[in-house]
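Everything below concerns the one structure shown next.
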Amino acid sequence: MEEMKKPNHCIACTVTQCAHHADTTNYCVLDKIVVGTHEKNPTKTECVDCESFVLSAEKAKENCTGGSCAK
Ligand code: SF4
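Sequential numbering from 10 applies to the sequence shown in our numbering.
And the structure:
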């Protein structure tokens, strides 16, 4: 039987490809996350990343079709 993931209502998230996503609701299940940047001087939303992201094993089976992650 699969364990239910408990959503952390302080961390809203829509990244369903992440292993830490609550699945049935758009929240993260972690107690805390790390947010960082891949830019030297971040100026907009796209510059910022969740560094706690872990690709879901289920989603890893599917092809990533978006931008720079499609390697
Ligand atoms: S670890 Fe980050 S990307 Fe993953 S569900 Fe939590 S907030 Fe979203």
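For every residue, glycine included, the Cβ atom is placed at its ideal position computed from N, Cα and C.
Which residues, in chain order, sit with a beta-carbon under 6 angstroms away from any heavy atom of the ligand SF4? Answer in sequence order: Ile20, Cys22, Val24, Cys27, His29, His30, Cys37, Leu39, Ile42, Cys59, Ser61, Phe62.
Give the secondary structure of Ala69 by DSSP, where H, G and I count as helix, E and B as strand, and everything else as coil. helix
Contact belief for Gln26 with Ser65 at Cβ below 8 angstroms, rounded distance in angstroms: 6 angstroms
Whole-Å CB distance - Asp32 paired with Lys14, under 8 angstroms assumed: Contact between Asp32 and Lys14 is confirmed by a C-beta separation of about 6 angstroms, below the 8 angstroms threshold.
Endpoints, the beta strand (DSSP E) within which Val38 is located: Counting along the chain, Val38 sits inside no beta strand (DSSP E), nor does DSSP assign it H or E at all.
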